[in-house]
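First up is the structure itself, then whatever we jot down about it.
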Amino acid sequence: MILQQTRVEQGRSYWERFLQELPTVEDLAAASDTQIKGLWSGLGYYRRADLLHRGAKQIARTGWPQGTKEWLEVPGIGPYTAAALASIVDGEVVPALDGNAFRVYSRLADWSEPIETSRSKAFIYSLALNFVHPKRPGDFNQAVMDLAQALCTPKKPKCNECPVQELCAARSAGSAELRPVKTRTLKVTEQDLHFAVPRRGHQFGLVQRPLGGIWSGLYTLPELATVPPGFTPQVLDHRLSHRKLRVHFYPEFEGSSEPEIWLTREEWSKRGMPQAFVHWLTEFPYI
DNA sequence: AAGACGTGGAG
DNA sequence: TCTCCAAGTCT
Numbered sequence: 043m044i045l046q047q048t049r050v051e052q053g054r055s056y057w058e059r060f061l062q063e064l065p066t067v068e069d070l071a072a073a074s075d076t077q078i079k080g081l082w083s084g085l086g087y088y089r090r091a092d093l094l095h096r097g098a099k100q101i102a103r104t105g106w107p108q109g110t111k112e113w114l115e116v117p118g119i120g121p122y123t124a125a126a127l128a129s130i131v132d133g134e135v136v137p138a139l140d141g142n143a144f145r146v147y148s149r150l151a152d153w154s155e156p157i158e159t160s161r162s163k164a165f166i167y168s169l170a171l172n173f174v175h176p177k178r179p180g181d182f183n184q185a186v187m188d189l190a191q192a193l194c195t196p197k198k199p200k201c202n203e204c205p206v207q208e209l210c211a212a213r214s215a216g217s218a219e220l221r222p223v224k225t226r227t228l229k230v231t232e233q234d235l236h237f238a239v240p241r242r243g244h245q246f247g248l249v250q251r252p253l254g255g256i257w258s259g260l261y262t263l264p265e266l267a268t269v270p271p272g273f274t275p276q277v278l279d280h281r282l283s284h285r286k287l288r289v290h291f292y293p294e295f296e297g298s299s300e301p302e303i304w305l306t307r308e309e310w311s312k313r314g315m316p317q318a319f320v321h322w323l324t325e326f327p328y329i
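Spelled out as structure tokens, the structure:
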């Protein structure tokens, strides 16, 4: 789940830390919410941390799933992860279709329809199902993703070195770089955020973010609904996948409501700190 | 079905 | 600085 929408190189150190601190699914299930958030801190898509926790609790209670259908019942595990696990762990003959695999197969068939539709997904699935090695489905799925990463890249694919170039329709048509066709464009909206800075010595006053939104469930400074008049903010630009944030911090303004907890910077960091706040503390150092 | 949801690296 | 993308899932 760490690797969902995350490069292997970006997730590796997080995976190692998780395994070192919480080596078994029972450890993961029994861990505190704050420990898991702390281990996840910096990875993004923070709801995944909760889903991982819930999934571990479910597995600790019911035992390990077997096969795609059962894996799909685990929170945080969708079609791709379920198929990857079922093929690798259980030897089930199913294609694991992540972004890499969709690229490979859409080129193989020179599929020109938008890849986002359920029709395209169904087509690619049935195509891929014909190719999955019946004896080594897990290794085969791994190999497809490795092929995508090494040769069948989004731009400038190395078709000359590709072991299946003879089979590839896009290669013959010269359209490899045009596949897969993506039509969905995510719109990036701009948003201003304002935060009070309650202080007690070395401690910051924090509140927990609502579940589901930005930085779901993490502790941050109290967000202000309106700009406090007469105070000069420290301003930081921060980009999310779907939003350009202009974040305003008011070091002179403590806010009007009592924070839920008071933490030092280190304690805060251990519970999970959004990168925008990491950058803020770097750019405007506090004691 | 389409939008919400982080972050870092590459070009 | 900007765009695109990365081992997607949930609602």
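Our numbering puts the first sequence at residues 43 to 329.
Yeah, the Cβ is synthetic: ideal placement off N, Cα and C, and Gly gets one too.
Subject >> Stretch-stretch touch, CB-based, cutoff 8 Å, three pairs: the region 151-159 with the region 111-118 >> reply: no
**OP:** Measure the alpha-carbon distance for T274 versus F291 and round it to whole angstroms.
**Re:** Stepping through the first sequence from its first residue, residue 274 is reached at position 232. Stepping through the first sequence from its first residue, residue 291 is reached at position 249. Going from the Cα of T274 to the Cα of F291 covers about 8 Å.
**OP:** With a 10 Å radius around its C-beta and 16 neighbouring C-beta atoms as the bar for buried, classify Y328 as buried or exposed.
**Re:** For this step, residue 328 is matched to residue 286 along the first sequence. Residue environment: Y328 is assigned as exposed (fewer than 16 neighbouring CB atoms within 10 Å of its CB, all protein chains considered).
Original post:
Tell me which same chain residues have a C-beta within less than 8 Å of the C-beta of H321, skipping the five on either side of it?
Top reply: Here residue 321 refers to the residue found at position 279 of the first sequence. So the list reads L278 and H280, once near-sequence residues are dropped.
**OP:** Helix, strand or coil for I119, going by three-state DSSP, please let me know.
**Re:** Reading the first sequence from its first residue, position 77 is the one you call residue 119. Judged by DSSP in its simplified three-state form, I119 adopts coil rather than helix or strand.
Subject >> Identified DSSP bridge partners for H244 >> reply: The residue you call residue 244 lines up with position 202 of the first sequence. In DSSP, H244 forms no bridge with anything.
Subject >> Three-state secondary structure assigned by DSSP to W82 >> reply: Here the question's residue 82 lines up with position 40 in the first sequence. Helix.
Original post:
Cα separation between G180 and Q191?
Top reply: As a working mapping, residue 180 is identified with position 138 in the first sequence. As a working mapping, residue 191 is identified with position 149 in the first sequence. C-alpha separation (whole angstroms): 17 Å.
Original post:
Given a threshold of 16 other Cβ atoms within 10 Å of its Cβ, counted over all protein chains shown, does P271 qualify as buried or as exposed?
Top reply: For the purposes of this step, residue 271 is taken as the residue at position 229 of the first sequence. Classification of P271: exposed, given that the 10 Å Cβ count is below 16.
Subject >> Endpoints, alpha helix (DSSP H) assigned at V67 >> reply: Along the first sequence, read from residue 1 onward, the residue named residue 67 stands at position 25. Counting along the chain, the alpha helix (DSSP H) containing V67 begins and ends at V67 to A72.
**OP:** Find the nearest neighbour of G141 within the set G254, G314 and M187, judged by alpha-carbon distance.
**Re:** Within the first sequence, residue 141 is the residue found at index 99, counting from 1. Here the closest residue by C-alpha is M187.
Original post:
With 16 as the cutoff for other CB atoms within 10 Å, does G80 come out buried or exposed?
Top reply: For the purposes of this step, residue 80 is identified with residue 38 of the first sequence, where counting begins at 1. Result: buried.
Original post:
Quick one: any contact between the region 255-264 and the region 310-318, if contact means 3 or more CB pairs under 8 Å?
Top reply: yes
Original post:
When the Cα atoms are used, what is the spatial distance from E232 to L287?
Top reply: Here residue 232 is taken as the residue at index 190 of the first sequence, counted from 1. Here residue 287 is taken as the residue at index 245 of the first sequence, counted from 1. Going by the C-alpha atoms only, they are around 6 Å apart.
Original post:
Since P270 sits in a beta bridge, which residues does DSSP pair it with?
Top reply: Position 228 of the first sequence, counting from 1, holds the residue named residue 270. Beta-bridge pairing links P270 to no other residue.
**OP:** Using the Cα positions of K99 and G118, report the straight-line distance between them to the nearest angstrom.
**Re:** In the first sequence, counting from the first residue as 1, residue 99 sits at position 57. In the first sequence, counting from the first residue as 1, residue 118 sits at position 76. Spanning the two alpha carbons is a distance of roughly 12 Å.
Original post:
Around the C-beta of N343, are 16 or more other C-beta atoms found within 10 angstroms, so that it is buried, or is it exposed?
Top reply: The shown model of the chain, from 43 to 329, leaves out residue 343, and the question about it has no answer.
**OP:** Specify the secondary structure class of E155 as computed by DSSP and reduced to three states.
**Re:** Counting from one through the first sequence, the residue named residue 155 turns up at place 113. In the three-state reduction of the DSSP assignment, E155 falls in the coil class.
**OP:** Could you tell me which residues DSSP puts in a beta bridge with K286?
**Re:** Indexing the first sequence from 1 puts residue 286 at position 244. Beta-bridge pairing links K286 to E232 and R281.
Original post:
DSSP on I30, reduced to helix/strand/coil?
Top reply: Limits of the chain in this structure are 43 at one end and 329 at the other, which puts residue 30 out of reach.
Original post:
Buried or exposed: where does A227 fall if 16 or more other Cβ atoms within 10 Å of its Cβ makes it buried?
Top reply: Here residue 227 refers to the residue found at position 185 of the first sequence. In the sequence as presented, Ala is not what sits at residue 227; that position holds Thr. Classification for T227: exposed.
Original post:
When burial is assigned at 16 or more other CB atoms within 10 Å of the CB, is H95 buried or exposed?
Top reply: The residue labelled residue 95 in the question sits at position 53 within the first sequence. Classified as buried, H95 has 16 or more neighbouring CB atoms from the shown chains inside 10 Å of its CB.
Original post:
Between T48 and the rest of its own chain, which residues show a CB-CB distance below 7 Å, the 5 nearest in sequence each way excluded?
Top reply: Sequence index remark: in the first sequence, residue 48 carries index 6 (1-based). Cβ neighbours of T48 beyond the five flanking positions: L85.
Original post:
For the alpha helix (DSSP H) that L322 lies in, which residues bound it at each end?
Top reply: Position 280 of the first sequence, counted from the first residue, corresponds to residue 322. Sequence inspection shows Trp at residue 322; the Leu mentioned does not correspond to that position. Note, W322: alpha helix (DSSP H), Q317 to E325.
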